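Participant: Starting off with a structure, shown below.
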Amino acid sequence: MIIIFLCLHFYRFYNSLPPVSKAYGSLCLLTTTAYQLGLLNPVNIALIYDAVISRFQFEVDQFSAVD
């Protein structure tokens with residue numbers, strides 16, 4: 002009986018959240034679950050700043066106005 006009450010309480014709480022919060026919370030829950038089950042490698046979703054900066058680096062002169 003108490004499990005049904007808790008499920009109903011969670012259902013009401015979840016439906017009261019804004020859509021963005023629902024999406025973010027669900028994504029966090031799914032990502033954590035996938036990692037714990039070994040379905041997801043954290044290297045695939047990690048933001049590694051050195052790789053981003055070195056691979057997507059462009060020269061500032063490339064977009065300068067033509068004289």
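For the sequence shown, the residue numbers in our numbering are 2 to 68. Cβ coordinates follow ideal geometry from the N, Cα and C atoms, glycine included. All values reported here derive from a predicted model rather than from experimental measurement.
(1) Checking 7 Å against the spacing of the C-beta atoms, do L41 and A47 come in under that value?
(2) Considering only residues of the same chain and omitting the five flanking positions on each side of T32, which have a CB-CB separation below 8 Å?
(3) Might you give, ordered along the chain, the residues of its own chain that have their beta carbon closer than 8 Å to the beta carbon of Y12, omitting 5 neighbours on each side?
(4) Let me know the secondary structure DSSP gives L40 once reduced to three states.
Facilitator: Walking through what the data contain:
(1) No, these two residues do not count as a Cβ contact at 7 Å.
(2) Taken in chain order, the residues that qualify are L41 and I46.
(3) None.
(4) In this structure, L40 counts as coil in the three-state DSSP scheme.
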